[in-house]
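Scroll down for the structure; my scribbles are underneath it.
Numbering (this note's numbering), first residue to last: 269 to 665.
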């Protein structure tokens with residue numbers, strides 16, 4: 269059982285370090301507005317490849333139409349852009365303003381598209397062409413968005429790996445040394461496991477906070493009401509985002525200090541960081557290779573061999589940390605349930621799978637058709653145009 273507990277404690281340790289990585293990347297993404305820039309690039313592609321050709325407009329000569337669509341889609345109605353911010357939004361080389369949306373719904377895109385003057389003129393001539401345009405836009409938005417999300421996740425995973433390696437090197441996280449400590453010191457293992465409840469609670473709370481902010485932003489992006497009414501919600505979402513960033517920074521600082529405080533063998537008291545940052549003359553380090561008598565006794569070959577083993581172990585640990593907090597959080601929960609079963613305790617009831625949202629192509633097409641017809645009907649109503657029969661399915665462009 270000591271072997272199982274040692275591996276469980278190691279998983280908890282890596283989970284804590286991995287959450288440092290995930291929180292750090294989230295802070296970088298929030299400050300750099302990378303998600304917002306991806307959304308702007310997606311809308312630009314929709315405008316150039318779908319909307320402009322359908323309206324008979326050359327996107328290279330009539331950039332105003334595409335730029336107007338980008339501003340309408342990404343602008344937060346409660347935090348209007350200044351003219352300078354609008355220039356940043358349509359310029360792919362500039363950072364997105366913090367007021368811009370980072371993600372929007374298909375409905376939001378269609379409703380903002382219906383507000384363009386050429387689309388309003390199309391609606392005035394009838395609903396069939398407008399429905400065809402909106403239907404094609406909805407399909408292409410989902411198609412382009414899926415490809416962009418895949419690429420974004422791939423890039424995020426690479427950043428996570430790089431950050432994991434950096435965290436392992438900076439914090440001197442040697443997985444082999446940590447596992448040996450847990451195997452040889454049952455008290456240390458029990459201490460880490462005893463604190464696992466607080467760690468898992470912190471990870472769960474951080475995930476819920478992020479989900480809550482993202483849900484509020486998604487709700488605002490599909491708001492059908494008067495844009496002026498969205499100001500309080502928009503300001504609240506902006507405050508929540510800043511609060512989330514501040515809490516993530518605090519979490520990174522506390523998590524980096526908690527593990528060494530519990531006695532986990534990471535940090536500057538261990539080889540090789542003790543030779544660079546520790547007190548070399550104190551001779552009190554728990555790592556034998558940091559003591560003066562050991563440095564005198566070990567020859568160059570021994571130092572080289574030990575250094576290579578440390579580097580390989582730290583790099584592997586960094587790759588594991590780079591898998592991210594959610595992966596290790598889920599694994600730690602599963603292992604905790606197995607461990608409770610071994611101890612005769614019933615595992616906690618917790619859903620481990622989300623709702624199946626794969627409804628099939630036919631149902632997706634039907635839902636898209638209803639949404640397109642609803643948007644067209646609302647747009648015609650806003651333009652004081654007479655209602656038309658909307659029972660047919662929209663055309664395919």
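Even glycine gets a Cβ: it sits at the ideal position worked out from N, Cα and C.
Backbone secondary structure at residue 383 - three-state DSSP: coil
message: Can you tell me whether residue 648 is buried or exposed? The criterion is at least 16 other CB atoms within 10 Å of its CB, across all chains shown.
response: Residue 648 comes out buried.
field: Whole-Å CB distance - residue 639 paired with residue 374, under 8 angstroms assumed
entry: 7 angstroms
task: Report yes or no: do the stretch 418–428 and the stretch 287–304 share at least 3 C-beta pairs separated by less than 8 angstroms?
output: yes
task: Please work out which residues of its chain come closer than 8 angstroms, Cβ to Cβ, to residue 380, disregarding the five sequence neighbours upstream and downstream, and give them in chain order.
output: 337, 340 and 341
message: What would DSSP say about residue 430, mapped onto helix, strand or coil?
response: helix
- request: Please state whether DSSP places residue 651 in a helix, a strand or coil.
  value: coil
field: Cβ shell of residue 595 (< 8 angstroms), same chain only, five flanking positions each side left out
entry: 286
message: Does residue 345 come out as helix, strand or coil in the three-state DSSP assignment?
response: coil
- request: Buried or exposed for residue 565, please, with buried defined as at least 16 other CB atoms from any protein chain shown within 10 angstroms of its CB.
  value: exposed
- request: Quick one: using the 10 Å Cβ neighbour count with 16 as the cut-off for buried, is residue 270 buried or exposed?
  value: Residue 270 is exposed by the Cβ-count criterion.
- prompt: According to the Cβ coordinates, are residue 534 and residue 277 closer than 8 angstroms?
  reply: no
- prompt: Considering only C-alpha positions, which residue in the set 568, 631 and 417 is nearest to residue 306?
  reply: 417
- prompt: Any heavy atom of the ligand PLP closer than 7 angstroms to the Cβ of residue 300?
  reply: This structure does not include the ligand PLP; it has no bound ligands of any sort.
- request: Measure the C-alpha to C-alpha separation of residue 599 and residue 432 and round it to an integer number of angstroms.
  value: 18 angstroms
query: From what residue to what residue does the alpha helix (DSSP H) around residue 294 run?
result: 270–300
message: On the criterion of 16 or more Cβ atoms from any shown chain inside 10 Å, does residue 422 qualify as buried, or is it exposed?
response: exposed
Sequence-distant residues of its chain with Cβ nearer than 7 angstroms to residue 452 (five each side left out): none
query: So, residue 435 versus residue 586, is the Cβ gap smaller than 8 angstroms?
result: yes
- prompt: Quick one: any contact between the stretch 397–409 and the stretch 442–451, if contact means 3 or more CB pairs under 8 angstroms?
  reply: No, the stretch 397–409 is not in contact with the stretch 442–451.
- request: For residue 399, count neighbouring C-beta atoms within 10 Å of its own C-beta (all shown protein chains included) and say buried if the count is 16 or more, exposed if not.
  value: buried
message: If I measure Cβ to Cβ from residue 654 and keep anything under 6 angstroms in the same chain, skipping five residues before and after, which residues do I get?
response: none
task: Tell whether a beta-carbon distance below 8 angstroms holds between residue 420 and residue 314.
output: no
Whether residue 531 touches residue 459 by CB criterion (8 angstroms): yes
message: Can you give me the C-alpha to C-alpha distance between residue 527 and residue 569, rounded to a whole angstrom?
response: 32 angstroms
query: Does DSSP put residue 323 in a helix, in a strand, or in coil?
result: Here residue 323 sits in coil by DSSP.
query: By DSSP, does residue 534 sit in helix, in strand, or in coil?
result: coil
field: Given residue 274 as reference, the closest of 609, 554, 651 and 455 once Cα atoms are compared
entry: The shortest C-alpha separation from residue 274 is found at 455.
query: residue 590 by DSSP, collapsed to three states: which one?
result: coil
- prompt: What three-state label does DSSP hand residue 567 in the structure shown?
  reply: coil
task: Quick one: measure Cβ to Cβ for residue 593 and residue 289, integer angstroms, because I've assumed they're closer than 8 angstroms.
output: 7 angstroms
message: Quick check on the burial criterion: 16 or more other C-beta atoms within 10 angstroms. Buried or exposed for residue 641?
response: buried
- prompt: What do you get for residue 394, buried or exposed, if any count of 16 or more other CB atoms within 10 angstroms of its CB means buried?
  reply: Per the 10 Å Cβ criterion, exposed.
Reduced DSSP category for residue 463 - H, G, I as helix; E, B as strand; rest coil: Three-state result, residue 463: coil.
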